[in-house]
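Have a look at the structure below before the remarks.
Number of protein chains: 2
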Amino acid sequence: MEINLEHGAGGKLTHELFNSIFYKAFKNKILEKAGDKAILRFGSTRIAFTTDAFVMAPKKVSGCTIGKLSVTGTVNDLLTCGAIPMYLSASFIIEEGYPIANLSEIVRDMSETAKISGVSIVTGDTKVVERGKADGVYVITSGIGKVIKNSNVSGSNAEPGDVIVVSGPVGTHGTVVMLARGEFGLYSSVSSDCCPLNDLVIPLIKKYGKKIKVIRDPTRGGLATTLNEIAKESKVGMVVEESKIPVLEEVKSACEVLGIDFLSMANEGIMVFIVDAKIKEKFLKDLRNNPKGRLASVIGKVVSDKEKKVVLSTSVGGERILDMAKGLPLPRIC
Amino acid sequence: MEINLEHGAGGKLTHELFNSIFYKAFKNKILEKAGDKAILRFGSTRIAFTTDAFVMAPKKVSGCTIGKLSVTGTVNDLLTCGAIPMYLSASFIIEEGYPIANLSEIVRDMSETAKISGVSIVTGDTKVVERGKADGVYVITSGIGKVIKNSNVSGSNAEPGDVIVVSGPVGTHGTVVMLARGEFGLYSSVSSDCCPLNDLVIPLIKKYGKKIKVIRDPTRGGLATTLNEIAKESKVGMVVEESKIPVLEEVKSACEVLGIDFLSMANEGIMVFIVDAKIKEKFLKDLRNNPKGRLASVIGKVVSDKEKKVVLSTSVGGERILDMAKGLPLPRIC
Numbered sequence: 237m238e239i240n241l242e243h244g245a246g247g248k249l250t251h252e253l254f255n256s257i258f259y260k261a262f263k264n265k266i267l268e269k270a271g272d273k274a275i276l277r278f279g280s281t282r283i284a285f286t287t288d289a290f291v292m293a294p295k296k297v298s299g300c301t302i303g304k305l306s307v308t309g310t311v312n313d314l315l316t317c318g319a320i321p322m323y324l325s326a327s328f329i330i331e332e333g334y335p336i337a338n339l340s341e342i343v344r345d346m347s348e349t350a351k352i353s354g355v356s357i358v359t360g361d362t363k364v365v366e367r368g369k370a371d372g373v374y375v376i377t378s379g380i381g382k383v384i385k386n387s388n389v390s391g392s393n394a395e396p397g398d399v400i401v402v403s404g405p406v407g408t409h410g411t412v413v414m415l416a417r418g419e420f421g422l423y424s425s426v427s428s429d430c431c432p433l434n435d436l437v438i439p440l441i442k443k444y445g446k447k448i449k450v451i452r453d454p455t456r457g458g459l460a461t462t463l464n465e466i467a468k469e470s471k472v473g474m475v476v477e478e479s480k481i482p483v484l485e486e487v488k489s490a491c492e493v494l495g496i497d498f499l500s501m502a503n504e505g506i507m508v509f510i511v512d513a514k515i516k517e518k519f520l521k522d523l524r525n526n527p528k529g530r531l532a533s534v535i536g537k538v539v540s541d542k543e544k545k546v547v548l549s550t551s552v553g554g555e556r557i558l559d560m561a562k563g564l565p566l567p568r569i570c
Numbered sequence: 237m238e239i240n241l242e243h244g245a246g247g248k249l250t251h252e253l254f255n256s257i258f259y260k261a262f263k264n265k266i267l268e269k270a271g272d273k274a275i276l277r278f279g280s281t282r283i284a285f286t287t288d289a290f291v292m293a294p295k296k297v298s299g300c301t302i303g304k305l306s307v308t309g310t311v312n313d314l315l316t317c318g319a320i321p322m323y324l325s326a327s328f329i330i331e332e333g334y335p336i337a338n339l340s341e342i343v344r345d346m347s348e349t350a351k352i353s354g355v356s357i358v359t360g361d362t363k364v365v366e367r368g369k370a371d372g373v374y375v376i377t378s379g380i381g382k383v384i385k386n387s388n389v390s391g392s393n394a395e396p397g398d399v400i401v402v403s404g405p406v407g408t409h410g411t412v413v414m415l416a417r418g419e420f421g422l423y424s425s426v427s428s429d430c431c432p433l434n435d436l437v438i439p440l441i442k443k444y445g446k447k448i449k450v451i452r453d454p455t456r457g458g459l460a461t462t463l464n465e466i467a468k469e470s471k472v473g474m475v476v477e478e479s480k481i482p483v484l485e486e487v488k489s490a491c492e493v494l495g496i497d498f499l500s501m502a503n504e505g506i507m508v509f510i511v512d513a514k515i516k517e518k519f520l521k522d523l524r525n526n527p528k529g530r531l532a533s534v535i536g537k538v539v540s541d542k543e544k545k546v547v548l549s550t551s552v553g554g555e556r557i558l559d560m561a562k563g564l565p566l567p568r569i570c
């Protein structure tokens, strides 16, 4: 058995790899709770810890560069822990012959994004590999944040009756990167949604505390994968109304032409929230008051379902099961 | 200007790259203090934070695999902060077509080394890149540890009068990896020193507290680079007696044949300590009582010198300046 590109697409095969190889070997409660982030306790302080490797190709698309993304991705990951992002590490794996000017540009983008996000890049490492053993440069960041008092978000906290909210249109980043590769002969004027979301998320956590049950950034594998992850972790089902899911018209048409579900495409500037139904209206209003959340929408609700299915009510009145992304060899989106 | 292999060798060119690109852009006090590790304060708790990318080629040499190294390197890095290593993250960049069985072996080695080191791998990420865009797999780990109370180690703490101690023979890991590549037609029966040093270092920190001024793992760039880094950070000079530096006979001869200074070769299982001269005898005895430190040696002393030179007293009675490693395109040693 060999690794194939779909193992890196974030969907079903990625999850299988995690379960069969990593979880089994590294077995510990923190990892099992949520593989892509960890909450560590030091006395009464809760520290969020997360890591991501960035191999995006191409390294620059409208609205996003690998430098911007490498900070944004980890900052947003920390936010999903209910944490204030504080410190980042940065490792670089660089191919021999890579122009130092390009490296400087990446580092400049990282620095600018760090400034906007209020984080410091406090430690790092650089390795060089021979020509043909990388693709220019790969950037790996890890992040540390302090979990906000009174916040308690976790993928396993969703309960029947809670509502599902997305903060903006879905599928944009993945579609923009895919089209930028030019393989499909389709072009688009849309920009990636890549953007650190501190100013959107932190005030909401401070205001609503434990009424926010889950926060997730639907990156690789898209909204479809994220909702299925939460359903599985919380042992619940979900009913989502297709017509309520915000999506940019251009993203939707491009995906239709290519026969790809935009719900499986990566996002880098939106969040999925599962919140107590009681705060629904106020929460949505607060989201929409921020330009980054102006297209926010309540897209469905959490239901009791032993089979942990995510059901999509389609606009034509039908229903279909929304599964984790699969069959999509879409690596290097992030 | 392009990145070349020497930029990744850990010596002079690596430092130049750090200073001209990274430090300048990411400018902050924590990074400036010591780029390859950070001490973060959360209330009265001091957290050590460090990261390393591992691109070792070949992935398996006598005594070391990329899996073992990826945990050992970060564990030892945390120890040099005076910290108890606690949590690790692990990111993988995997080339399409890489056998899952090999990935499992790497993960198994990581898991075993984590167990020995008392650390948990609590979070991770996996990315897949196309054939020809990596070399099998690269592993990136970040680590978090809790700084031991009463410990205060830093590269800038060395003072004239302090003594310099190494815990074991130098140059072994780098030489073993270089010979294993087979490029030079030289072979050796020596094993890498790769080994987590918790049981050697932690009791010493607890016992001697602030009398231990500096702890460093002389990895890429070897002892020569590490001593120069400390001299620079502490604004002191050093006098080192060549005859006191422990080195395995086979490592010494292999390096002689190749015209390489073993003092510039990477280590993965020894530490350099700068300690108060008053504890010299006891400290050395304690080191030697542990099998990992049985060849420990006091190799020299810290002196006052505005030019921050490291001077090597040679066995034949002469003196030479020991500079940071340079002119050695030796990437992918770790």
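Chains A and B supply the protein sequences, listed in that same order.
For what it's worth, our numbering labels the leading residue of the first sequence as 237, then goes sequentially.
For what it's worth, our numbering labels the leading residue of the second sequence as 237, then goes sequentially.
We put the beta carbon where it would ideally sit given N, CA and C, even for glycine.
Here the structure is a predicted model, which is why all the values come from computation and not from measurement.
- Taking C-beta atoms under 8 Å as the contact rule, residue 532 of chain A and residue 403 of chain A qualify, at a distance of about 5 Å.
- Distance check between residue 407 of chain B and each of B/431, B/462, B/400, B/488 places B/488 closest, using alpha-carbon atoms only.
- Under a 10 Å Cβ-count criterion, residue 389 of chain B is classified as buried, with 16 or more other Cβ atoms of the shown protein chains found around its own Cβ.
- Using a Cβ-Cβ distance cut-off of 8 Å, the stretch 383-399 of chain A and the stretch 354-367 of chain A are not in contact, since fewer than three pairs of beta carbons, one from each stretch, lie closer than that value.
- The beta-carbon distance between residue 310 of chain A and residue 324 of chain A, rounded to whole angstroms, is 6 Å. This is short enough to meet the 8 Å contact definition.
- From the beta-carbon of residue 332 of chain A, the residues of chain B found nearer than 7 Å are 239, 240, 241.
- Taking a contact as a CB-CB distance under 8 Å, the pair residue 320 of chain B and residue 438 of chain B counts as one, their CB atoms being some 6 Å apart.
- Taken in chain order, the unbroken stretches of beta strand (DSSP E) that lie wholly in the stretch 469-495 of chain B and span 3 residues or more are 473-477.
- Among the residues of the stretch 279-304 of chain B, those with a Cβ less than 9 Å away from any Cβ of chain A are 279, 280, 281, 283, 285, 286, 287, 288, 289, 290, 291, 293, in the order of the chain.
- Annotated three-state conformation of residue 467 of chain A is helix, per DSSP.
- In this structure, DSSP gives residue 498 of chain A a helical state, which the three-state scheme calls helix.
- Taking C-beta atoms as the reference points, residue 473 of chain B and residue 547 of chain B count as a pair closer than 9 Å.
- When the Cα atoms are used, residue 382 of chain B and residue 318 of chain B turn out to be separated by approximately 8 Å.
- By alpha-carbon distance to residue 570 of chain B, the top candidate from B/503, B/541, B/507 is B/503.
- The residues 415, 490, 493, 494, in chain order, have a CB closer than 8 Å to that of residue 422 of chain A in the same chain once the five nearest residues on each side in sequence are set aside.
- According to the DSSP assignment, residue 337 of chain B belongs to the alpha helix (DSSP H) that extends over 336-353.
- Taking 9 Å as the Cβ-Cβ cut-off, the stretch 244-255 of chain B approaches chain A at 244, 245, 250, 253, 254, given in chain order.
- At a cut-off of 9 Å between beta carbons, residue 264 of chain B contacts chain A.
- Taken in chain order, the unbroken stretches of beta strand (DSSP E) that lie wholly in the stretch 302-339 of chain B and span 3 residues or more are 319-331.
- Residues of the same chain with a CB within less than 7 Å of the CB of residue 345 of chain A, apart from the 5 flanking positions on each side, are 301, 303, 304 in chain order.
- Within 9 Å of the CB of residue 568 of chain A, the CB atoms of chain B belong to 363, 364, 365, 366, 369, in sequence order along the chain.
- Residue range 434-444 is occupied by the alpha helix (DSSP H) that includes residue 441 of chain A.
- Beta-bridge annotation (DSSP): residue 284 of chain A is paired with A/275, A/381.
- Against chain A, the beta carbon of residue 509 of chain B has no neighbour under 9 Å; the closest one sits roughly 21 Å away.
- Against residue 276 of chain B, the close residues of chain A are 322, 323, 358, 380, in the order they occur along the chain (beta-carbon pairs closer than 8 Å).
- One finds nothing in chain A with a Cβ atom closer than 7 Å to the Cβ of residue 428 of chain B; even the nearest lies about 18 Å away.
- Identification of chain A residues near residue 343 of chain B by a Cβ-Cβ cut-off of 9 Å yields 257, 258, 260, 261, 262, ordered along the chain.
- Under a criterion of Cβ atoms nearer than 7 Å, the residues of chain A adjacent to residue 374 of chain B are, in order, 329.
- Per DSSP, residue 456 of chain B is not a residue of any beta strand (DSSP E), being assigned neither H nor E.
- Residue environment: residue 465 of chain A is assigned as buried (16 or more neighbouring CB atoms within 10 Å of its CB, all protein chains considered).
- Residue pairing of residue 360 of chain B in beta bridges, as defined by DSSP: B/326.
- Between the stretch 245-265 of chain A and the stretch 330-350 of chain B, the count of C-beta pairs closer than 8 Å reaches three or more; the two stretches touch.
- Secondary-structure assignment with DSSP links residue 412 of chain B through no beta bridge to anything.
- The beta carbon of residue 291 of chain B lies closer than 7 Å to those of 374, 568 in the same chain, with the five residues before and after it left out.
- Per the DSSP secondary-structure output, residue 548 of chain B pairs in a beta bridge with B/476, B/556.
- Residues of the same chain with a CB within less than 7 Å of the CB of residue 396 of chain B, apart from the 5 flanking positions on each side, are 472, 538, 539, 540 in chain order.
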